[in-house]
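What follows is a single structure, written as structure tokens, with notes after it.
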Amino acid sequence: MTDLSRYTTLGTGGPAKEFAKPRTVAEVEELLRHGLPVATIGLGSNLLVADEGVEALVLRLEGELAAVEIDGDVLRAGGGATNAVCLHRARAAGLGSFEFACAIPGTIGGGVWMNAGAYGSDFAQVLERVLVATADGTGWLTPDELGLSYRHSNLRHGQVVVQAELRLQRRPSGEIKARIRELNAERKAAQPTNKRTFGSVFKNPDHELSAGRMLDACGLRGFCIGGAQISPKHANFIENAGGARTEDALALMVEARRRAREHYGVELVHEVEFLGPIEL
Ligand SMILES: Cc1cc2nc3c(=O)[nH]c(=O)nc-3n(C[C@H](O)[C@H](O)[C@H](O)COP(=O)(O)OP(=O)(O)OC[C@H]3O[C@@H](n4cnc5c(N)ncnc54)[C@H](O)[C@@H]3O)c2cc1C
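Here the sequence shown is numbered in my numbering, starting from 58 and rising by one per residue.
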């Protein structure tokens, strides 16, 4: 059994019932007919996996499913390609508009699923179409068909993002590089970039305070349960402070939601995705 804690940036979670690393669309299609429920993971950078494990076949895309090519103004990437590699290839080709992803440590598949975004942009703004494999066949979906909104898509487990096409804008490489440097510096000043986290814990509520500021005002900065800690740098991040389990992170989330409800009457909604039997 493969322990999924190796595949999450927080470093927690139990085993997958089965685990496979398909390299082609045909291999994914075959695995989808295998009988077990299928879930796909990217870099596990937005993922809390149950400590008791996952009763599913978990896929991680490799080979041609992680390849990247440039075709005119279009960047074509496998669902398992990392944002970092895509951004590097785009910059080298003088294609901008993907700079927002410079500090999002995920894959194209995870980015589509989450409609990941930052600094006023997101995947919805650059996606042209997405190739999705299911047990019933493989086909292209448009951003509209994916129902992309703030950190949300309509995708469900059993639908595998095997490829995506991003339409980018011509821009001088130097300009792109400078923008990336600026965004990375901004990120480093505000967030814990050298700790094991899974990015933002909660979506920003419809409130004058962001989730981070609200949890900060609730006195949660630095608060610990077990091996998990609300980041002393940014209260909407949970860090693995050493030996954390998923249940520790979940207990912090329960406490954070309780305080936001009590102090502000706000029901915080989690941004992090759950895999396995997890309930808040
Ligand atoms: C330090 C840090 C900073 C971050 N900053 C940001 C930020 O600024 N903005 C932001 O939006 N996010 C941010 N994140 C969260 C995270 O990086 C993004 O949500 C990212 O897009 C997740 O990609 P992933 O490949 O790691 O997906 P995973 O975490 O592995 O998976 C996320 C979801 O996508 C599904 N999935 C993954 N790949 C596929 C696929 N090929 N087909 C079908 N489903 C798939 C998984 O089943 C899961 O439900 C941050 C995380 C960290 C650790």
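Each residue gets a CB set at the ideal place from its N, CA and C atoms; glycine is no exception.
Please read all numbers here as calculations on a predicted model, not as lab measurements.
For E156 against I237, the beta-carbon gap comes to about 5 Å, under 8 Å, which counts as contact. Contact check between the segment 312-320 and the segment 84-102: fewer than three CB pairs, one atom from each, fall below 8 Å, which does not count as touching. Taking one beta carbon from each stretch, the segment 213-226 and the segment 252-262 have fewer than 3 pairs nearer than 8 Å; the two do not touch. As computed with DSSP, T81 is found in no beta bridge at all.
In this structure, DSSP gives G196 an extended state, which the three-state scheme calls strand. Close CB contacts of H209 within its chain, under the 7 Å cut and outside five residues either way in sequence, are with N172 (chain order). Annotation: E119 to I165 spans about 12 Å, alpha carbon to alpha carbon. According to DSSP, residue pairing for D128 in a beta bridge involves V131.
In this structure A274 does not touch N293 by the C-beta definition: roughly 12 Å separates them, more than the 8 Å allowed. Proximity to T59 across L277, V106 and T250 peaks at V106, based on C-alpha coordinates.
Around the beta carbon of S206, fewer than 16 other beta carbons lie within 10 angstroms, which makes this residue exposed. Beta-bridge annotation (DSSP): V115 is paired with F76 and A96. Here G110 is actually not in contact with G299; their C-beta atoms are around 22 Å apart, not less than 8 Å. A direct Cα-Cα distance of roughly 14 Å separates E265 from E324. Burial of C159 is indicated by the presence of at least 16 other C-beta atoms within 10 angstroms of its C-beta. The C-alpha of L67 lies about 26 Å from the C-alpha of Q220. Under the three-pair Cβ rule at 8 Å, the segment 113-128 counts as touching the segment 72-82.
DSSP places A268 in the helix class (H, G or I) of the three-state scheme. G101 and Y64 have their C-alpha atoms spaced approximately 6 Å apart. In this structure, I282 has its CB at a distance of at least 7 Å from all heavy atoms of ligand 1. Distances between the C-beta of N297 and the heavy atoms of ligand 1 are all 7 Å or more. For L225, the three-state secondary structure derived from DSSP is coil.
Of the residues assessed, R213 falls on the exposed side of the cut-off, its CB having fewer than 16 other CB atoms within 10 angstroms.
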